[in-house]
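Below: the structure, in structure tokens.
There are 2 protein chains.
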Amino acid sequence: METIKIYKIGSGLLDDSEKLAEFLYQFSKIKEKKMIIHGGGKYASKLNSILGNEVIFHDGRRVTDEKTIEVVTMVYAGKINKSIVASLQKNNCNSIGISGIDGNLLIVKKRNPIPIDFGYVGDIEEVNTTFLNALIQNELVPVVCSIAASNGELLNINADTIAKEISVALSKLYTTELYYIMDKDGVLQDANNDASVIQKIKSTELTQLIDSKVISEGMIPKLKNAFDAKQEGINKVVITSATNVMQELSLKTEIIS
Amino acid sequence: METIKIYKIGSGLLDDSEKLAEFLYQFSKIKEKKMIIHGGGKYASKLNSILGNEVIFHDGRRVTDEKTIEVVTMVYAGKINKSIVASLQKNNCNSIGISGIDGNLLIVKKRNPIPIDFGYVGDIEEVNTTFLNALIQNELVPVVCSIAASNGELLNINADTIAKEISVALSKLYTTELYYIMDKDGVLQDANNDASVIQKIKSTELTQLIDSKVISEGMIPKLKNAFDAKQEGINKVVITSATNVMQELSLKTEIIS
């Protein structure tokens, strides 16, 4: 099977235009099939605050009210998505920026407001692999932002989960490699020591890492997605920084079954 | 040849969510191939003003500085584009929201700042008909917003011109009908009388209509685009309101050679 490399990028990289440009330049040179999945950066919270909307997080996940979904749609699907695609086109990497709504890429359901009302947030029921693969086979590089819709309502979707679900769906057609890009070079044993990257994590070690607080807050859903991805048949799941993944240096956390 | 119906919608319709929903519902029921091209509405100016950016117009065209291009990208490619696509998907009309950047749909050039510096504004050099037609042939309804890019820079493109250029490009493959949707039912002989719609305008009459101030301001580039479209081989060019075009009533201005 042909290989596809899927990169999930988020805050940190998206907030640093120079670093992002360097990443997109290196990404453009990848010869294998490839795609990007992105959320937002700090700008969505900033714009929300300028507009007087309150920003609430719960377990590292944003609570999305009616005004906030409008802001995140503008920032994710507008500003960020189109800036990424414009950079890629400049690098002669023919890409297409889409959301989960376009071509019915993601069939989602608004999350049940009980026990916690996350607002305009959805969960993925199905990935439209036929549509996505048609783009890929047409030599287009998909750049997917974490917005979808159900019954005409715009919904915020966790970008780590989109990356996992899309990778699982594509793993039926491709040898799939999923890279979660973050600021640090991998999962750190000691939060104060950037060199303490845990090189491999087994699924049996996850609970222990959470219990001992090595993994906390936003890293918990990320790690859970990474393990689910591995268990659902993705060939390679890596958590690392943009610098490490592009230069194939040794510092990274690989998720193993 | 198969028929394609191309609708350019803008301010007025985009600012009235109820009217827009009704238009999109009727649009979804059209059996022929179809697509939408849209600019922004009043919200871009509103957001610009909230963010403290100045809004300048010149001959009915927006002057786009660095902050403004960021705002219009958020509003056009984010908020408006994704809301339209979400509504269409709700109506079981499988659509894809794109800008001129995606799939290199529009090859554009930043406008020469001499004699007037319009800022981050571009002019169309070429339409990527192969890419656009691939979407259409895959039963996807394109929804195109008026943002493009050149050399990595986001640029604002006049939506009326995009509608014209795309219609001309597709007229090699389809019998093409172009509908410019506006608030009034057509071009009015008397601005104070909504019933005074001029039913047909010939290209030879355009200069006279401008000289006699029947056509002024933003309508001048719109009409010029409409005439160019007709002269470059588009089968039908109509200027009318959303109500009239969807219900096929008689009130409309048709552009004739």
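Protein chains in written order, with the numbering used here: chain A, 4 to 260; chain B, 4 to 260. Glycine residues also receive a C-beta, built at the ideal position from the N, C-alpha and C atoms.
query	result
Hey, B:M38 and B:P145: beta-carbon distance below 8 Å or not?	yes
Could you tell me whether the segment 107 to 119 of chain B touches the segment 177 to 192 of chain B, where touching means 3 or more Cβ pairs closer than 8 Å?	no
Could you tell me the distance, in whole angstroms, from the CA atom of A:L263 to the CA atom of B:E25?	Outside the displayed range of chain A (4 to 260) lies residue 263 of chain A, so it cannot be described from this structure.
Going by C-alpha distance, which of B:L212, B:K205, B:I72 is nearest B:V240?	B:K205
Measuring only between beta-carbons, confirm whether B:Q29 sits less than 8 Å from chain A.	no
Using beta carbons (cut-off 8 Å, strictly below), is B:D18 in contact with chain A?	no
Using a Cβ cut-off of 7 Å, pull out every chain A residue sitting near B:D105, in sequence order please.	V88, I99, G100
Three-state secondary structure (DSSP) at B:M38?	strand
Any chance you could list the alpha helix (DSSP H) runs of at least 4 consecutive residues sitting entirely within the segment 193 to 253 of chain B, in chain order?	209 to 214, 222 to 234, 245 to 250
At least one CB of chain A closer than 8 Å to the CB of B:S67: is that the case?	Sequence check: residue 67 of chain B is Thr here, not Ser. It does not; no Cβ of chain A falls within 8 Å.
Check whether the Cβ atoms of B:I40 and B:I169 sit closer than 8 Å, and answer yes or no.	yes
So, is the C-beta of B:T243 closer than 8 Å to a C-beta in chain A?	no
Mind listing the chain B neighbours of A:T76? Cutoff is C-beta to C-beta under 7 Å, in chain order.	G81, K82, K85
With a threshold of 8 Å on Cβ separation, who are the neighbours of A:L191 within its own chain once the five nearest residues in sequence on each side are excluded?	D197, S199, V200, I201, V217
Do the segment 115 to 134 of chain A and the segment 157 to 167 of chain A touch if we need at least three Cβ pairs shorter than 8 Å?	yes
Any residues in the segment 114 to 143 of chain B with a beta carbon nearer than 7 Å to a beta carbon of chain A? Which ones, in chain order?	A137, N141, L143
Tell me which same chain residues have a C-beta within less than 7 Å of the C-beta of A:A229, skipping the five on either side of it?	Y183, V240, I242, I258
Any idea if A:N84 is buried or exposed, counting beta-carbon neighbours within 10 angstroms, 16 or more meaning buried?	buried
Near B:G189, which residues of its chain fall below 7 Å by C-beta distance, leaving aside the five closest residues on each side in sequence?	V200, I201, I242, T243, L254, K255, T256
Under DSSP, the beta strand (DSSP E) around B:K175 begins and ends at which residues?	Where B:K175 is concerned, there is no enclosing beta strand (DSSP E), given that its DSSP letter is neither H nor E.
Quick check on the DSSP output: what are the complete beta strand (DSSP E) runs of length 3 or more inside the segment 101 to 175 of chain A, in order along the chain?	109 to 113, 125 to 130, 144 to 148, 150 to 153, 156 to 159
For B:T132 and B:A166, which I take to be in contact (beta-carbon distance under 8 Å), what is that distance rounded to the nearest angstrom?	That belief does not hold up - the Cβ atoms of B:T132 and B:A166 are roughly 15 Å apart, past 8 Å.
Identify whether B:L17 lies in helix, strand or coil by the three-state DSSP scheme.	coil
Quick check: B:G44 and B:D68, are their CB atoms within less than 8 Å of each other?	no
Using a Cβ cut-off of 8 Å (strictly closer), state whether B:K239 contacts chain A.	no
Please list the terminal residues of the continuous alpha helix (DSSP H) segment that includes A:K85.	84 to 93
Take A:Y46 and list the residues in its own chain whose beta-carbon comes closer than 6 Å to its own, dropping the five residues that flank it on each side.	V78
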